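Peer 1: Let me give you the structure first, and then I'll get to my questions.
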Amino acid sequence: MKATGIVRRIDNLGRIVIPKEIRKTLRIHEGDPLEIFIEQDGKIILGKYSPFEELGAFAKSYVDAIAKNIPHTICICDLYSVIASAGPNSKQLNGKDLNSKVIDSMEQRSVALATKSDNTFISVTTDFPKDFTSEALATIISEGDAIGIVFILSSEESLSEHELEVAKITADFLGQQLA
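Taking numbering that gives the first Met the number 0, I'd label the letters of the sequence shown as residues 0 to 178.
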């Protein structure tokens with residue numbers, strides 16, 4: 000664990016303020032859920048909460064099954080990173096932090112088809128591989144909240160309404176599982 004040298008006092012309601020610099024570095028925004036962990040030595044640890052943590056192995060199995068049936072890369076993302084991916088070039092994406100435009104897209108509850116040649120294409124990660132040229136995406140919504148996004152990516156051809164439907168079905172299914 001890395002010490003920051005920052006000390007905060009608890010107010011009369013039991014609250015502490017997480018400094019702006021730390022929130023910015025960790026991409027924590029107002030309203031983001033945080034999970035509280037307690038270590039045996041009495042330390043309290045805050046972490047970004049992701050409902051997908053509980054479904055990690057399931058999400059991986061799901062994308063593997065889809066990738067066996069379509070010749071494209073599929074990835075499932077929570078609010079912060081790619082949590083599961085399968086298909087061509089998927090290893091370049093797994094576990095990577097999301098591009099801020101993806102987070103904006105989730106907030107807008109986007110469902111879209113895009114190619115690199117138009118202005119709506121979103122690079123999934125900050126260091127997105129140049130291999131991908133077309134995408135279908137659908138936001139995962141659970142109990143009214145945008146909690147993640149599904150991407151189907153292609154490097155060889157433009158995707159069709161068929162791949163968009165697969166992304167939408169995947170997003171709907173995962174949203175129902177997390178409700």
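The beta carbon of each residue, even a glycine, is placed where N, CA and C say it ideally should be. Since the model is a prediction, treat every value here as computed from it, not as a measurement.
1) Where DSSP assigns a beta bridge to Thr114, which residues make up the other side?
2) Which value, in whole angstroms, describes the spacing of the CA atoms of Leu92 and Ile73?
3) Closest to Gln176 by C-alpha separation, out of Ala85, Ile37, Ile27, Ile146, would be which residue?
4) Distance check for Ala113 and Phe120, CA to CA, integer angstroms please.
5) Taking Cβ positions, are Ser122 and Leu173 nearer each other than 9 Å?
6) So what's Gly41 in DSSP terms, helix, strand or just coil?
7) Name the DSSP beta bridge partners of Asp144, please?
8) Hey, Lys212 and Val81: beta-carbon distance below 9 Å or not?
9) I'd like the list of long-range same chain contacts for Ile5, defined as Cβ closer than 7 Å, with 5 residues on each side in sequence excluded.
10) Counting only the same chain and skipping the five closest in sequence on each side, list residues whose C-beta sits under 6 Å from that of Phe131.
11) For Glu34, which of helix, strand or coil comes out of DSSP?
12) On the premise that Gly86 lies in contact with His71, defined as a C-beta separation below 8 Å, what is that separation, rounded to the nearest angstrom?
13) Using 10 angstroms around the beta-carbon of Ala170, count the other beta-carbons present and answer buried if the total reaches 16, otherwise exposed.
14) DSSP state of Phe172, grouped into three classes?
15) Return helix, strand or coil for Val101, following the three-state DSSP convention.
16) For Phe36, which residues of its own chain have a beta-carbon under 6 Å away from its beta-carbon, when the five flanking residues on both sides are left out?
17) Taking buried to mean at least 16 other C-beta atoms within 10 Å of its own C-beta, is Val16 buried or exposed?
18) Looking only at C-alpha atoms, which of Ser116, Asn88, Thr124, Glu106 sits nearest to Gly30?
19) Can you tell me whether DSSP reads Ser84 as helix, strand or coil?
Peer 2: With the given structure in hand:
1) Looking at the DSSP output, Thr114 bridges to Ser133.
2) Cα-Cα distance, rounded: 10 Å.
3) Here the closest residue by C-alpha is Ile146.
4) One C-alpha to the other measures close to 5 Å.
5) In terms of Cβ geometry, Ser122 and Leu173 do not form a close pair [threshold 9 Å].
6) In the structure shown, Gly41 adopts coil according to DSSP, grouped into three states.
7) Beta bridge pairing from DSSP links Asp144 with Ser141.
8) Here the chain comprises residues numbered 0 to 178, so residue 212 is not present and cannot be evaluated.
9) The beta carbon of Ile5 lies closer than 7 Å to those of Pro18 in the same chain, with the five residues before and after it left out.
10) Within the same chain, Phe131 has close Cβ partners Leu152, Ser154.
11) Residue state, collapsed to three classes: strand.
12) Contact flag correct, Cβ pair sits at about 6 Å.
13) Buried.
14) DSSP places Phe172 in helix when its eight states are reduced to three.
15) If DSSP states are grouped into helix, strand and coil, Val101 belongs with the helices.
16) So the list reads Ile44, once near-sequence residues are dropped.
17) Burial call: exposed.
18) With distances taken between Cα atoms, Gly30 lies closest to Glu106.
19) Ser84 sits in a strand when the DSSP states are folded into three classes.
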